[in-house]
Amino acid sequence: MIRLLYISTAREPVTPEMLADILRTSRRNNVAVGVTGLLIVGGRRFLQALEGPPEAIFATYDRIARDPRHFAVVQLARDTIVERQFPDWAMGSQAGRTAGVDADVSAAVAALIAPITDPSLRGYFSGFAGRQAAA
Ligand SMILES: Cc1cc2nc3c(=O)[nH]c(=O)nc-3n(C[C@H](O)[C@H](O)[C@H](O)COP(=O)(O)O)c2cc1C
469 MIRLLYISTA REPVTPEMLA DILRTSRRNN VAVGVTGLLI VGGRRFLQAL
519 EGPPEAIFAT YDRIARDPRH FAVVQLARDT IVERQFPDWA MGSQAGRTAG
569 VDADVSAAVA ALIAPITDPS LRGYFSGFAG RQAAA
């Protein structure tokens with residue numbers, strides 16, 4: 469399996485409706501192809517980890533990168549993995565939070581990243597949450 473991590477910027481402010489729509493589509497598609505992961509939103513920034521079989525990850529990432537709802541999609545890491553960090557999440561996120569309107573993503577993110585054992589991956593997510601909290 470591989471794990472891919474990227475950051476991007478939303479073209480418009482991220483509304484709860486936009487996030488809900490992205491998550492609905494993501495969960496439906498990801499379950500079908502064995503992709504799991506975590507999507508964090510802070511202001512207009514997205515940070516997403518995708519893990520699963522290489523073909524599924526590349527096809528999914530290709531679609532995501534072409535999505536007009538965001539731009540400046542930059543891959544931060546791509547690793548071969550033997551174990552998933554998010555085995556239970558077709559796509560985890562700040563459920564129930566008003567993403568984009570909520571300045572304090574750090575508390576929500578802290579709970580979401582608690583199960584992450586990979587130190588490098590944890591660093592990316594906690595750094596992202598810390599920067600949002602400081603902004
Ligand atoms: C930040 C962001 C994250 C996304 N994550 C996923 C994802 O994990 N899986 C997925 O299938 N689509 C994801 N999408 C949606 C895709 O860009 C695309 O709209 C969708 O895969 C199209 O699926 P459909 O043809 O079934 O409607 C994401 C979009 C954005 C903007």
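Each step along the sequence shown adds one to the number in my numbering, with nothing skipped, and position 4 is 472.
Cβ coordinates follow ideal geometry from the N, Cα and C atoms, glycine included.
| Query | Result |
| --- | --- |
| Minimum C-alpha distance to Asp586 - residue among Ala575, Thr548, Val573, Ser561 | Thr548 |
| Distance, Glu519 Cα to Ala472 Cα | The sequence shown places Leu at residue 472, rather than the Ala named in the question. In a straight line, the C-alpha of Leu472 is about 6 Å away from that of Glu519. |
| Thr477 classed as buried or exposed, judged by whether at least 16 other C-beta atoms fall within 10 angstroms | exposed |
| Any non-hydrogen atom of ligand 1 closer than 8 Å to Thr528 Cβ | yes |
| For Ile581, the three-state DSSP class (helix, strand or coil) | helix |
| Distance between Ile490 and Asp535 (C-alpha atoms, nearest Å) | 10 Å |
| Expected contact under 8 Å - CB spacing of Tyr474 and Leu589 to nearest Å | Wrong, their Cβ atoms sit about 13 Å apart, outside the cutoff. |
| Gly511 CB to nearest heavy atom of ligand 1 below 8 Å | no |
| Neighbour-count burial assignment, Val550, 16 or more Cβ in a 10 Å radius | exposed |
| Residues of its chain near Arg512, where Cβ-Cβ distance is below 6 Å and the 5 sequence neighbours each way are ignored | Thr477, Ala478 |
| Val503 Cβ short of 8 Å to ligand 1 heavy atom set | yes |
| Any non-hydrogen atom of ligand 1 within 8 Å of Ser594 CB | no |
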